[in-house]
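*Asks:* The structure is given below, and queries will be raised subsequently.
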Amino acid sequence: MSTKLFGEPVQRREDPRLLTGQGRYVDDLGAGALEVAFVRSPHAHARIRDIDVSDALDVEGLVAIYTWEDLPTLLAQPLPLLIPHPALTHGRTAYPLARDVVRHVGEPVVMVVARDRYLAEDVCALIQVDYELLKPVVGVEEAAQSAQLVHEDVPDNVGAHLIQEVPSADGLDARELIETAPHTLTFRLDIERSASMPLEGRGVYARWDADDRSLRVYSSTQTSTSVRMAIAAKLGLPLPKVEVIAPDVGGGFGVKIVHPWPEEVLVPWAAMLLGHEVKWTEDRREHFVSSAHERAQVQFVRVGFDDDGRVLGLDVNILHDHGAYTPYGIIVPIITSTQLLGPYKIGAYRVEFSSIYTNTVQVTPYRGAGRPQGVFCMERTMDHIAEYLGADRTAVREINFIQPDEFPYDQGLIFQDGRPLIYDSGDYPESLRLLKELIGWDGFPALKAQAAAEGRRIGLGIGCYVEGTGVGPYEGGHVQITSDGRVHVSTGLTSQGQGHETVFAQIAAAELGVPMERVSVVTGDTRRFGYAVGTFASRAAVMSGNAIALACRKVREKALRIAAEALEADPRDLEIIDGEVRVVGSPGASIPLATVAVLSNPLRYAFDSETARATQFAGASSFDRPPVEAGEEPGLEGRDYYSPIRSTFASGMHAAIVETDSLTAEIRILRYAVVHDCGNLINPMIVEGQIHGGVAQGVGGALYERMVYDDHGQLLNASFMDFLMPYATEIPSIETAHLETPSPLNPLGIKGAGEAGVIPGSAVIASAIEDAEGIRIDKMPISPSELFDLRRAATG
Amino acid sequence: MHEITLTVNGMIRQVEVPGRRLLSDCLRHDLGLTGTHVGCEHGVCGCCTVLLDGEPVRSCLTFAVTVDGHDITTVEGLAARDGTMSPVQRAFGECHGLQCGFCTPGFLCTVTALLRENPAPTEQEVLEGISGNLCRCTGYQNIIKSVHRAAEIMAEERRADADSEQPGEEIV
Numbered sequence: 001m002s003t004k005l006f007g008e009p010v011q012r013r014e015d016p017r018l019l020t021g022q023g024r025y026v027d028d029l030g031a032g033a034l035e036v037a038f039v040r041s042p043h044a045h046a047r048i049r050d051i052d053v054s055d056a057l058d059v060e061g062l063v064a065i066y067t068w069e070d071l072p073t074l075l076a077q078p079l080p081l082l083i084p085h086p087a088l089t090h091g092r093t094a095y096p097l098a099r100d101v102v103r104h105v106g107e108p109v110v111m112v113v114a115r116d117r118y119l120a121e122d123v124c125a126l127i128q129v130d131y132e133l134l135k136p137v138v139g140v141e142e143a144a145q146s147a148q149l150v151h152e153d154v155p156d157n158v159g160a161h162l163i164q165e166v167p168s169a170d171g172l173d174a175r176e177l178i179e180t181a182p183h184t185l186t187f188r189l190d191i192e193r194s195a196s197m198p199l200e201g202r203g204v205y206a207r208w209d210a211d212d213r214s215l216r217v218y219s220s221t222q223t224s225t226s227v228r229m230a231i232a233a234k235l236g237l238p239l240p241k242v243e244v245i246a247p248d249v250g251g252g253f254g255v256k257i258v259h260p261w262p263e264e265v266l267v268p269w270a271a272m273l274l275g276h277e278v279k280w281t282e283d284r285r286e287h288f289v290s291s292a293h294e295r296a297q298v299q300f301v302r303v304g305f306d307d308d309g310r311v312l313g314l315d316v317n318i319l320h321d322h323g324a325y326t327p328y329g330i331i332v333p334i335i336t337s338t339q340l341l342g343p344y345k346i347g348a349y350r351v352e353f354s355s356i357y358t359n360t361v362q363v364t365p366y367r368g369a370g371r372p373q374g375v376f377c378m379e380r381t382m383d384h385i386a387e388y389l390g391a392d393r394t395a396v397r398e399i400n401f402i403q404p405d406e407f408p409y410d411q412g413l414i415f416q417d418g419r420p421l422i423y424d425s426g427d428y429p430e431s432l433r434l435l436k437e438l439i440g441w442d443g444f445p446a447l448k449a450q451a452a453a454e455g456r457r458i459g460l461g462i463g464c465y466v467e468g469t470g471v472g473p474y475e476g477g478h479v480q481i482t483s484d485g486r487v488h489v490s491t492g493l494t495s496q497g498q499g500h501e502t503v504f505a506q507i508a509a510a511e512l513g514v515p516m517e518r519v520s521v522v523t524g525d526t527r528r529f530g531y532a533v534g535t536f537a538s539r540a541a542v543m544s545g546n547a548i549a550l551a552c553r554k555v556r557e558k559a560l561r562i563a564a565e566a567l568e569a570d571p572r573d574l575e576i577i578d579g580e581v582r583v584v585g586s587p588g589a590s591i592p593l594a595t596v597a598v599l600s601n602p603l604r605y606a607f608d609s610e611t612a613r614a615t616q617f618a619g620a621s622s623f624d625r626p627p628v629e630a631g632e633e634p635g636l637e638g639r640d641y642y643s644p645i646r647s648t649f650a651s652g653m654h655a656a657i658v659e660t661d662s663l664t665a666e667i668r669i670l671r672y673a674v675v676h677d678c679g680n681l682i683n684p685m686i687v688e689g690q691i692h693g694g695v696a697q698g699v700g701g702a703l704y705e706r707m708v709y710d711d712h713g714q715l716l717n718a719s720f721m722d723f724l725m726p727y728a729t730e731i732p733s734i735e736t737a738h739l740e741t742p743s744p745l746n747p748l749g750i751k752g753a754g755e756a757g758v759i760p761g762s763a764v765i766a767s768a769i770e771d772a773e774g775i776r777i778d779k780m781p782i783s784p785s786e787l788f789d790l791r792r793a794a795t796g
Numbered sequence: 001m002h003e004i005t006l007t008v009n010g011m012i013r014q015v016e017v018p019g020r021r022l023l024s025d026c027l028r029h030d031l032g033l034t035g036t037h038v039g040c041e042h043g044v045c046g047c048c049t050v051l052l053d054g055e056p057v058r059s060c061l062t063f064a065v066t067v068d069g070h071d072i073t074t075v076e077g078l079a080a081r082d083g084t085m086s087p088v089q090r091a092f093g094e095c096h097g098l099q100c101g102f103c104t105p106g107f108l109c110t111v112t113a114l115l116r117e118n119p120a121p122t123e124q125e126v127l128e129g130i131s132g133n134l135c136r137c138t139g140y141q142n143i144i145k146s147v148h149r150a151a152e153i154m155a156e157e158r159r160a161d162a163d164s165e166q167p168g169e170e171i172v
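Dropping the structure here:
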């Protein structure tokens, strides 16, 4: 493979259109479409007694009003439970429009279609819904102890309960080992809710072609293929009659992997019923109360260790708040409980979680997807052990590291893909060495003392993680070289800003030996590629990247075979350079790929001089063989899939130096350092950008972002005025270093990079604040006023 | 309904809008200029920033009728007439100052105004200058780099213009 493109910081193909206002996001499409607005529940828990639309009927521009009672049989069912799991004994999903009971503020109750959104909202304001208020269940601990139920048929509000145990090498379990360990610590950790919060909310736009009886849907989704299947199933349409396109998507970060959202089935249904294009664009308040949140967990930790800090047994009990419904199953707590182990080998491990219903917005993956909580748990544990022993925090980590010669390393658990949690490769000691060097770990005590002498408080924190990326089951790629020499690449998964058009073009150009300008890439369009899983879990580069590489290799092989015949050469003597197949060492003996593409498709009809070369009187190579030989297909194209036996494990370590104001307790990050290992880099510029963005979300989660529910289940900060996402002024300059430990599992040796940056954020910042203050930081995010209160409590 | 006249990206546009029509919706849905994005509808995220008589404003907090007769520049109007991207646009591309691109039009408008006022901003001035715009993808590192790079490109172009004017004077 040419090294010229793979691994280079190639400029993005996406940018010219996005920089000039020519992007196509869902709400940019469908001028003239009817628009939808929803009446959503203002209550966290209530029974619907009556819906009165009489006042609303006179609004000029009103087209239709729908409630649950109007829905056809298939749509009137609860939405799918996407990821069933044996431990999810009481999985519950919402109806597209509420039936009888609403279980969180923001649940859709009535759908209104009108000439435009302003009018649709006018109508919504005039619809009277009579609610009988029920007692809301808010807060995971409250819910776990409450007699009040979120779902009448779910006892104790427990949706799922799972215990996983990994005994020690000598068969002892974690609890036994903790009891007999030289030292034990017991503590509790808390993480509050946050959310993906992409700047573009969700959106759906549907066109029904009544003549063709086919449906085209544009959705701001992370999985167009699966949305398509869900729509076909829910609307009772033949799959080939439904196409779903994820156009430009203004950020996802996890929330848009959930599907089908109520709106994703209701809007197409309305379009079919009304015989008119229909569109819905989520507004920001809707996004806060009607999409999904993540993070909230309470963790009870007990750890036993020896004099060197070696962890002999770890016992973690997690209360996970999954909100009102479980469409995405228990993926988040599964990831927390498995990825918690990070780069460490633990004597014996026991983890138990209860996934609990509350009358709040449902919880589904947000970038990191349970890992930030797991890493927070493990890294706090490491820091607490170090503090107890009076040891350096990196020394305690180092003694527990899995060593480079121990890969593949089996953690003895089942990961989120239902397959064994076996780490493929990594070099954790080297990562730590790089990180210590980057942040100046060993020189920090002197710096701290110097700051103290000036009356300033600074602290250094660290956080290490391992991230399972590139989960299956599969992705595919299709590559076609047309007779103009252009290369058309498509893959089914979607893009939300990761630069897939660029990196996949880099891979295809390098594999095929063509200039990158000739390669175009389409993602997330079921018209081009119908089989896919989606873009989540840092999987796009690993899955589709490898699938496209494999498809290119098929096409390359075919091109060489055809060219060999034309050039009367051995395929093994051929190379493809700059879009031309050449005989190695024979200048002049060459044939452009465009011509190979022509020759690959025997024609009866010519449409230009180039294609005339493939017509039937242009001279057949042999009268004894058919024009398309058995086992061959016309055209210079290929399709292949990549389906890994299991995930590939990226890793990284972050360190930060913070300063806390001795008077106001204001927390400022002075430096933030990242060492990151995602195997071979396809485009370092893009990987770096992914890390930057992740770190910013990590900082947001550590210091600013939380969902504030009151006892009534009202989300008090459902706007950008009150939910504090970091601006440029809150994000420090990020220093990065890369380690490239290739994955042995896939042809390109790559690992995922999308989520990495966010994962250790809360762990690192808590560690740094604790170092600055000498006060235990076990609850994140932390605000200056909370730190202020902690100080007061500490000084009595 | 009110008939208003706006000069948008140098073109005079007449449009009939209800009094409550937001400028963002007017640009996007009445005039088809969908490059201006709406991220929060309450003036915090800055995605909808456009230039009103050269000054950055939140088009989601502006009623279209209130800017009757005014001059508006949207992201579609930042490039030169021949399609050459402006220095700010080019710098964002060069420095990977965008990922999903949704906040980008707002940043481009903000930064265009910022650099016109202050052609060589310091690090702190850049931070302050873009502190009214949210980005959820980039972590701002490359946006900050892009602003400095745009300032550099503009300075280079000013120098090049000044140089090319020299022979012109000789002819006169």
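Residue numbers (UniProt numbering), protein chains in the order written: chain R, 1 to 796; chain A, 1 to 172. Quick reminder that beta carbons are idealized off the backbone N, C-alpha and C, glycines included.
1. Would you list, in chain order, the members of the stretch 110-142 of chain A that have their beta-carbon closer than 7 Å to a beta-carbon of chain R?
2. Under DSSP, the alpha helix (DSSP H) around P684(R) begins and ends at which residues?
3. Can you pull the chain R residues whose beta carbon is under 8 Å from the beta carbon of T74(A), in chain order?
4. Looking only at its own chain, which residues have a Cβ that is under 8 Å from the Cβ of R371(R), when we skip the five neighbours before and after it?
5. Hey, quick one: how far does the alpha helix (DSSP H) through H183(R) stretch, first residue to last?
6. Below 7 Å on C-beta distance, what does R20(A) contact in chain R?
7. Compare the beta carbon distance of V278(R) and K234(R) with 7 Å and say whether it is the shorter of the two.
8. According to DSSP, simplified to helix, strand and coil, what is E580(R)?
9. Restricting to Cα atoms, I'd like to know which of G374(R), S219(R) and R13(R) is closest to V244(R).
10. How is the alpha helix (DSSP H) around G93(A) delimited, first residue to last?
11. Can we say the stretch 98-114 of chain A touches the stretch 9-24 of chain A, given the rule of at least three CB pairs closer than 8 Å?
12. If you draw a straight line from the C-alpha of I153(A) to the C-alpha of E117(A), how long is it?
13. When you compare the CB of H42(A) with every CB in chain R, is at least one pair closer than 7 Å?
14. Using a C-beta to C-beta distance shorter than 8 Å, which residues of chain R count as neighbours of F92(A)?
15. Does Y25(R) pass the burial test, meaning 16 or more other C-beta atoms within 10 Å, or should it be called exposed?
16. Could you check if H2(A) is buried or exposed, using at least 16 other CB atoms within 10 Å of its CB as the buried criterion?
17. Using DSSP with H/G/I as helix, E/B as strand and the rest coil, what is F305(R)?
18. What is the C-beta distance between G93(A) and K145(A), in whole angstroms, given that I count them as a contact (C-beta under 8 Å)?
19. Would you identify the three-state DSSP class for N400(R), choosing helix, strand or coil?
20. Please report the residue range of the beta strand (DSSP E) in which W280(R) lies.
21. To the nearest angstrom, how far is it from the Cα of F617(R) to the Cα of L599(R)?
22. Considering only their Cβ atoms, is the gap separating V166(R) from Y349(R) smaller than 7 Å?
23. Strictly under 7 Å for the Cβ-Cβ distance: is V503(R) near chain A by that measure?
24. Would you verify that the beta carbon of L98(A) is, or is not, closer than 7 Å to some beta carbon of chain R?
25. If the cut is a Cβ gap below 8 Å, which residues of chain R does I144(A) touch?
26. So what does DSSP say about R40(R), is it helix, strand or coil?
27. Looking at the unbroken beta strand (DSSP E) that takes in F649(R), where does it start and where does it end?
28. Rounded to whole angstroms, what's the CA-CA distance from L114(A) to C552(R)? Just pull it up for me.
29. Based on the DSSP output, what are the partners of G461(R) in its beta bridges?
30. Could you tell me whether any Cβ in chain R is nearer than 7 Å to the Cβ of P105(A)?
31. Where does the unbroken beta strand (DSSP E) through M111(R) begin, and where does it stop?
32. When the Cα of L185(R) is compared with those of M382(R), C124(R) and S719(R), which residue comes out closest?
33. Shorter than 7 Å from the beta carbon of F401(R) to some beta carbon of chain A?
34. Please tell me whether M111(R) has its Cβ less than 7 Å away from any Cβ of chain A.
35. Whole angstroms is fine: what's the gap from A564(R)'s alpha carbon to S651(R)'s?
36. With a cut-off of 7 Å, does the C-beta of I682(R) fall near any C-beta of chain A?
*Replies:* For this structure:
1. L127, I130, S131, L134, R136, C137, T138, G139, Y140, Q141 and N142
2. First-last of the alpha helix (DSSP H) with P684(R): P684 to L703.
3. G21
4. I335, T336, Q339, Y465, E467, E755 and I759
5. Run containing H183(R): none in the alpha helix (DSSP H); it sits in the beta strand (DSSP E), H183 to I191.
6. Y118
7. Not in contact: V278(R) and K234(R) (Cβ atoms no closer than 7 Å).
8. strand
9. S219(R)
10. Run containing G93(A): P87 to E94, per the alpha helix (DSSP H) assignment.
11. no
12. 16 Å
13. yes
14. D15 and L19
15. buried
16. Under this definition H2(A) is an exposed residue.
17. strand
18. Wrong, their Cβ atoms sit about 12 Å apart, outside the cutoff.
19. If DSSP states are grouped into helix, strand and coil, N400(R) belongs with the helices.
20. V278 to T281
21. The straight-line gap from Cα to Cα measures roughly 13 Å.
22. yes
23. no
24. yes
25. A728
26. Look at R40(R) here: in three-state DSSP terms it is strand.
27. T648 to T660
28. Linking L114(A) to C552(R) through their CA atoms gives a straight-line distance of about 46 Å.
29. DSSP output for G461(R) lists A656(R) as bridge partner(s).
30. yes
31. P108 to A114
32. If we check each option's Cα against that of L185(R), M382(R) comes out closest.
33. no
34. no
35. 44 Å
36. no
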